[in-house]
Amino acid sequence: MLDKSFNPAAIEQAWYQRWESAGYFRHDDAARPAYCIQLPPPNVTGTLHMGHAFQQTLMDALIRYHRMRGFNTNWVVGTDHAGIATQIVVERQLEEQGKTRHDLGREKFVERVWQWKQQSGATIMRQMRRLGASANWTYADTEGQKAGYFTMDAHMSRAVVEVFVRLFEQNLIYRGKRLVNWDPVLGTAVSDLEVDSEEEDGKIWEIRYPLEEGRGSLVVATTRPETMLGDVAIAVHPDDERYRAIVGKRAKLPLAGKSLPVIADDYVDPAFGTGCVKITPGHDFNDYQVGKRHGLEPVSILTLDGHLNDEVPVRFRGLERFEARRRIIEELRAQQLLVSEKPYRLRVPRSGRTGVIVEPMLTDQWFVKMDSLARDGIEVVRRGEVKFYPEHWTATYHQWLENIQDWCISRQLWWGHQIPAWYDEQGNVFVARNEAEALQKSKGKALKRDPDVLDTWFSSALVPFSSLGWPDKAPDLQTFLPSSVLVTGFDIIFFWVARMVMMTRHFTGEVPFRHVYINAIVRDAEGEKMSKSKGNTLDPLDLIDGIDFDSLLKKSSVGLLRAEHRQKIESYVRSHFGNGIPAFGADALRFTFASLASFSRTLNFDLSRCEGYRNFCNKLWNATRFVLMNTEGKDCGLEEKEPVKLSFADRWIVSLLQRVEAEVEQAFADYRFDNAAGAIYRFVWDEYCDWYLELAKLQLQNEDILVQRGTRRTLVRVLETALRLAHPIIPFITEELWQKVGPLAGKSGDTIMRQRYPKSQPERIDEAAERDVAVLKEWTVSARNLRSEAKLPPSEKALLLRTTDPAVSDLAATTSAIIALARLSGFEKRDPLPDSTSPVAVIGNARIMLHKEVDHAVEVARISKEVTRIEGEIGKFRTKLANSSFVERAPAPVVAQERQRLADHEQTLIKLQDQLKKLGARK
RNA sequence: GGGUGCUUAGCUCAGCGGUAGAGCACUUCCUUCACACGGAAGGGGCCACAGGUUCGAUCCCUGUAGCACCCACCA
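Heads up: the first sequence at position 222 corresponds to 225 in our numbering, and the numbers run straight through without jumps.
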């Protein structure tokens with residue numbers, strides 16, 4: 004006997020362990036069609052958030068769905084070393100102990116990061132398991148931790164080195180001194196994508212540069228005066244009449260006294276500012292290009308940690324960059340070379356990781372040449388070999404690839420794949436798979452390895468094939484590449500999706516995946532971005548297990564130093580989670596995610612939705628409880644040959660089931676998880692529970708044993724099918740219930756996971772039965788309505804009269820069902836209806852009367868209101884049908900439909916007016 | 001500057017060229033033997049605005065406004 008209500012905690016953990024230890028998650032190499040999903044490997048920077056839980060729910064639903072449909076499923080999972088992000092996490096931990104990574108040294112520090120990785124990786128995998136992820140944990144698991152791959156484990160590293168070497172040999176990787184985005188705090192280059200520019204309030208200054216000859220001067224505008232010490236020229240537009248005469252002359256750089264040529268270049272916008280631009284190729288991307296065009300050598304005036312270097316006058320040397328700005332402004336003002344200082348909105352490039360202002364810095368870096376790779380990446384999407392869902396993300400993908408720059412892949416960090424390049428003393432570079440190979444290439448000359456590591460996305464880009472065993476000719480490459488679908492967020496279309504397409508195509512000739520499903524970004528209930536400083540983040544585990552208010556508050560404010568943040572968080576937590584969070588269970592959380600997964604861009608996570616779907620789980624639980632109470636140990640007609648009598652209700656629910664199965668199949672094919680969840684929800688609650696179970700109760704009281712048997716068979720089989728139908732979304736509860744229901748429905752097997760997914764059988768759609776139930780519902784609802792209008796308490800039964808019989812195939816069964824469902828004492832045919840103030844309703848050409856005297860005025864008012872409504876409708880239909888162009892041009896069925904509606908309404912109106920007249924007569 | 005998405009019930013969102021939908025919230029009644037995490041009945045919408053196409057527009061087209069987001073070098 005099941006508990007009276009559903010308690011997720013009691014079942015979830017046990018089932019997961021049984022599934023995993025039984026090996027149900029593994030792919031089986033039968034000759035079945037392959038279905039593969041690559042998990043976007045979570046960063047080992049901490050724990051999973053709602054976005055991960057959402058994504059993983061969708062992936063798991065797809066995997067479970069396809070597994071049940073007989074596919075050879077392989078959900079490849081792993082974790083990402085996440086270079087910069089992870090290094091920062093560990094550096095912060097060291098900071099708390101008052102240490103820096105330099106205190107440890109590179110080797111010890113990297114060891115330390117590995118330790119952290121083990122911890123964070125284990126947490127992540129535990130979280131995924133709690134959510135029910137049926138991932139192939141042992142696949143690509145070189146560390147034997149049942150955690151999938153790690154992007155820095157030996158096997159994955161081998162692929163990284165191989166790719167690097169080959170790209171170098173193909174001249175697609177090169178090294179050179181280039182202007183790159185530099186994070187002066189981290190002391191590393193970052194790629195364009197890792198820089199976020201936000202508009203901020205700043206200032207713009209105008210500075211006077213005296214001409215060397217005569218008394219004239221030029222005025223330039225700048226938002227970064229400290230860079231003037233690296234100026235190499237002043238530029239004007241070639242067509243600018245104001246300055247034509249001085250092009251080719253020279254100006255003197257204030258404070259430093261250096262002589263600068265005045266050059267002409269199209270880049271200058273004569274309409275902006277004074278039309279004169281200082282050119283600082285060492286610290287500005289545009290100026291770098293201008294400098295290149297004019298053969299001007301860039302001058303770098305900053306050290307790698309953002310202080311002025313020896314290229315500047317002695318008094319400025321060693322100053323921090325913003326301190327230098329203040330000092331320079333000060334001196335310019337003193338020398339009256341500062342023309343103006345104005346507030347100005349400007350875009351400030353900041354490092355995505357540290358938030359510090361990024362400095363364009365001239366350094367030696369490694370790059371991947373992107374043009375040919377990108378061209379192919381564009382092509383395969385254009386040809387439809389990779390498809391985006393929703394489709395509009397294709398535009399975003401293309402836009403980026405069409406304007407792509409070479410990819411700076413070297414990072415001056417310690418945590419990551421060290422670049423497989425060695426240098427001899429002359430600086431000659433030898434790229435090789437290992438030191439021995441490098442020495443061979445250098446013919447024995449002493450070598451030093453490049454200390455830099457690769458951008459973390461470099462290894463991520465290889466995951467579609469490296470995780471399957473590349474560079475070996477692994478059979479799984481044949482089977483699981485391309486994978487079926489990638490489920491990921493739009494924020495990494497550039498970082499990851501596009502790069503996977505390019506790299507996988509280049510090295511395997513295949514696309515990495517056929518479909519890309521871009522999932523919504525999870526926000527809080529008000530649509531605010533979830534962030535720690537707002538306190539509106541949610542831990543998926545807290546929704547599964549529940550958490551009390553105090554613990555939640557404590558958890559939300561941990562690690563926050565600023566008092567104002569603390570206060571804000573407390574008020575948020577108090578107003579939104581004043582009573583903490585109840586334990587909804589993994590199934591309810593998953594169902595919520597699925598229900599909210601439409602194609603919209605954001606998902607506002609609303610706790611009340613989660614509660615609603617928890618209630619749904621309870622509903623399913625109790626429906627099963629009812630079915631078990633009425634079927635266990637009883638004759639359920641298990642044997643197909645045993646005779647049964649199936650009522651219109653039995654045939655109806657089976658018919659509906661076919662429709663729902665088809666609907667769910669379509670929803671999965673379209674990646675419309677909301678539609679799949681919605682179809683299941685409505686079927687189980689609105690149809691099976693609200694109507695079928697109630698009708699079944701009556702049938703079970705039928706004396707005919709064949710009716711009873713047919714009812715039990717239908718109850719059990721439909722429920723069993725519904726459990727399978729829902730399993731991909733709510734795996735735990737369906738497994739628990741299926742264990743009991745499955746055998747009653749004649750199913751054998753250890754787990755629902757490996758059962759066949761329900762397939763719609765259109766031949767079992769029974770439109771006659773559907774019509775019968777539609778009529779039954781209409782009459783029942785009308786009768787209940789009358790009860791409610793008559794203020795009849797549910798306990799009080801009443802007699803219902805009808806003028807005409809409902810148009811159904813089984814009148815006796817239908818009327819007795821109406822009697823039961825509308826709580827009537829009887830349901831008799833009487834035409835004409837007695838002269839009374841009893842409430843009357845019109846259904847088609849029939850009238851029903853609840854035999855219960857009500858207040859005359861109340862009844863008149865009720866019917867009058869209905870008359871008004873019907874008259875309004877009739878007016879609309881008449882206008883439409885009087886419009887000759889509608890009647891002529893609209894499709895015939897539409898016109899016929901409108902005519903029918905008009906006729907129906909007119910008939911109803913006559914009956915209502917008739918009733919009104921009678922009431923008037925009695926007055 | 002270029003691009004994308006959104007605007008529908010109090011809230012969060014589906015939908016669709018042919019009488020406006022769901023969940024939650026709300027009102028009334030009810031502890032009836034699966035379920036109060038429940039049952040029954042109900043209230044609530046100029047589908048952002050303005051034009052156009054159409055017999056017919058919430059839906060298609062064009063603008064406008066507002067709200068998000070992405071990309072881009074204006075000092």
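Virtual Cβ for every residue (Gly too), placed ideally from N, Cα, C.
Check: residue i C-beta below 8 Å from any heavy atom of the ligand ATP
i, result
"Arg-833", "Ligands in the displayed structure: none, and consequently the ligand ATP is not present."
N-terminal and C-terminal residue of the beta strand (DSSP E) that residue i is part of
i, result
"Thr-366", "362-371"
"Leu-802", "801-805"
"Pro-213", "198-213"
"Ala-33", "Run containing Ala-33: none; DSSP gives neither H nor E here."
"Phe-516", "516-522"
"Lys-180", "176-186"
"Tyr-392", "390-392"
"Tyr-347", "341-354"
CB contact flag (residue i, residue j, <9 Å)
i, j, result
"Ile-249", "Leu-214", "yes"
"Val-271", "Arg-253", "no"
"Val-857", "Arg-767", "no"
"Tyr-684", "Ser-598", "yes"
"Tyr-212", "Lys-281", "yes"
"Gly-49", "Val-113", "no"
"Ala-259", "Pro-301", "no"
Opening and closing residue of the alpha helix (DSSP H) in which residue i lies
i, result
"Arg-826", "Note, Arg-826: premise wrong, no alpha helix (DSSP H); not H, not E."
"Ile-331", "324-337"
"Gln-711", "708-729"
"Ser-487", "Premise fails: Ser-487 lies in the beta strand (DSSP E), 486-492, not in any alpha helix (DSSP H)."
"Pro-793", "Reading off the sequence shown, one finds Ala at residue 793, where the question assumed Pro. Note, Ala-793: premise wrong, no alpha helix (DSSP H); not H, not E."
"Gln-570", "566-579"
"Ser-385", "Before going further, note that residue 385 is Arg rather than Ser in the sequence given. Where Arg-385 is concerned, the enclosing alpha helix (DSSP H) stretches over 374-385."
"Leu-97", "86-99"
Assigned exposure category for residue i - 16 Cβ within 10 Å defines buried
i, result
"Asn-174", "exposed"
"Asn-406", "exposed"
"Ser-611", "exposed"
"Ser-798", "exposed"
"Val-710", "buried"
"Pro-809", "buried"
"Gln-58", "buried"
"Ser-841", "buried"
"Thr-724", "buried"
"Ser-554", "exposed"
Span separating the alpha-carbon of residue i from that of residue j
i, j, result
"Thr-783", "Met-4", "32 Å"
"Ala-626", "Leu-728", "15 Å"
"Lys-700", "Ser-559", "50 Å"
"Glu-614", "Ala-56", "17 Å"
"Trp-473", "Val-466", "9 Å"
"Glu-438", "Thr-154", "21 Å"
"Leu-747", "Phe-498", "51 Å"
"Thr-82", "Pro-45", "5 Å"
"Leu-51", "Gln-130", "7 Å"
"Pro-837", "Met-852", "9 Å"
"Asn-10", "Val-490", "31 Å"
"Gly-745", "Ser-751", "7 Å"
"Val-1011", "Leu-457", "No statement about residue 1011 is possible, as the shown extent of the chain runs from 4 to 926 and does not include it."
"Gly-387", "Met-505", "15 Å"
"Leu-335", "Met-231", "11 Å"
"Tyr-68", "Ser-137", "11 Å"
"Ile-584", "Leu-134", "17 Å"
"Glu-94", "Leu-305", "25 Å"
For residue j and residue i, believed in contact at Cβ under 8 Å, the rounded distance
i, j, result
"Ala-143", "Tyr-152", "4 Å"
"Phe-461", "Ser-486", "Not really, about 20 Å apart at Cβ, beyond 8 Å."
"Leu-912", "Ile-866", "With 8 Å as the limit, Leu-912 and Ile-866 do not qualify as a contact, their Cβ atoms being about 11 Å apart."
"Glu-344", "Lys-206", "6 Å"
"Asn-75", "Pro-36", "7 Å"
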